[in-house]
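Numbered by my numbering, the letters in the sequence shown go through residues 2 to 255 in order.
Just so you know, even glycine gets a beta-carbon here, dropped at the ideal spot from N, CA and C.
Model, not experiment: these values are computed from the prediction.
See below for the structure under consideration.
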Amino acid sequence: MSSESDGGAHIGAVVLAAGDSNRMQGIDKIFYPLGGVPLVWRSIATFLAHPMIEDIVLVTSASNMGRAVEVIAENGAGGVVKVCEGGERRQDSVNRGLRLLDDCEYIVVHDGARPFVSEDMIDRGIAESKECGAAIAAVPVKDTIKMSNKIPDGEHTVAQTLPRDRLWAVQTPQIFRATLLAEAHQRVSHMVTDDASMIEAIGNPVRLFHGSYYNIKVTTPEDLLFANAIVAGGLSNIDRTVNTVSAAQSGSGE
2 MSSESDGGAH IGAVVLAAGD SNRMQGIDKI FYPLGGVPLV WRSIATFLAH PMIEDIVLVT
62 SASNMGRAVE VIAENGAGGV VKVCEGGERR QDSVNRGLRL LDDCEYIVVH DGARPFVSED
122 MIDRGIAESK ECGAAIAAVP VKDTIKMSNK IPDGEHTVAQ TLPRDRLWAV QTPQIFRATL
182 LAEAHQRVSH MVTDDASMIE AIGNPVRLFH GSYYNIKVTT PEDLLFANAI VAGGLSNIDR
242 TVNTVSAAQS GSGE
């Protein structure tokens with residue numbers, strides 16, 4: 002995270018952690034100690050370390066506001082990372098975060114439940130978004146995907162097999178020109194599951210860039226098994242980033 006502008010675009014990040022973890026069987030995933038580090042801090046640390054990210058907002062639930070502020074302060078980033086309460090829907094939470102980002106030219110939106118975002122991934126997304134206004138991390142689908150027909154008793158039958166060579170599993174970060182994202186929030190009122198859907202809805206192209214199969218979203222207890230395996234196996238460079246950022250922030254007295 003740069004302390005002053007290097008002459009490039011002013012870029013801000015919104016880290017979303019306002020969900021209720023209702024599929025986690027009582028585990029509050031964003032504060033889960035992944036490798037001894039709160040899960041949500043891992044992605045925040047990566048954004049703090051990125052030289053092009055100047056502002057960061059963490060959007061969390063009302064019940065987690067206090068703990069979120071504590072985690073940020075404990076890692077020396079109090080006063081650097083802003084915290085706000087999320088809204089009813091995903092886009093409402095993003096919109097609240099956007100209000101705390103001043104004069105940004107580009108906005109990075111990231112799921113706080115994806116602890117393994119990397120600096121290289123952010124770089125790729127920024128470069129692509131500067132060309133077309135909207136770019137999202139994604140990976141080619143490995144499995145065969147079938148669309149179902151739902152019948153009254155709740156059972157499903159296959160309606161269609163989708164062409165796998167054109168299917169991508171979408172991740173975050175998703176990076177947008179700030180004016181484009183603001184326009185989408187003004188014009189799109191129906192519920193969406195990601196910000197790119199809003200950009201698509203107003204007719205703007207969205208470019209895909211390669212994410213990572215390690216860039217998992219922790220949604221269920223089974224996902225924590227994979228996340229712990231990634232950390233234990235040293236398959237991510239996030240631990241190095243987390244430790245470096247925490248030490249630097251603490252040493253700066255911020």
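Problem - the region 106-120 / the region 172-186 touching (three or more Cβ pairs under 8 Å) - result: yes
Handout entry: Same chain only: Cβ atoms within 6 Å of GLN161, ignoring 5 sequence neighbours per side
Key = MET148
Problem - One or two residues paired with CYS85 in a DSSP bridge - result: VAL60
Exercise for the section: With a cut-off of 8 Å on the beta carbons, I'd call ALA114 and LYS30 a contact; round off their distance for me. Expected result: 6 Å
Practice task
Go ahead and label PHE32 buried or exposed: buried means 16 or more other beta carbons lie within 10 angstroms of its beta carbon, across all protein chains shown.
Solution key: buried
Exercise for the section: With distances taken Cα to Cα, identify the nearest neighbour of ALA14 among PRO39, PRO34 and MET53. Expected result: MET53
Problem - Per DSSP, the bridge partner or partners of SER256 - result: This structure cannot speak to residue 256, because the chain is shown only from 2 to 255.
Practice task
Express the C-alpha separation of ASN76 and ARG167 in angstroms, rounding to a whole number.
Solution key: 42 Å
Handout entry: Exposure of THR47, with buried meaning 16 or more beta-carbon neighbours within 10 Å
Key = buried
Practice task
Provide the residue(s) that pair with PHE177 in DSSP beta bridges, ordered along the chain.
Solution key: ILE108 and ALA135
Problem - Residue environment, LEU226, which counts as buried when at least 16 other CB atoms sit within 10 Å - result: exposed
Practice task
Along the beta strand (DSSP E) that carries ARG208, what are the first and last residues, could you check?
Solution key: 208-211
Practice task
With DSSP as the reference, please indicate the residues paired to ILE54 in a beta bridge.
Solution key: ILE12
Problem - Straight-line gap, GLY9 to ASN150 (C-alpha atoms, nearest Å) - result: 49 Å
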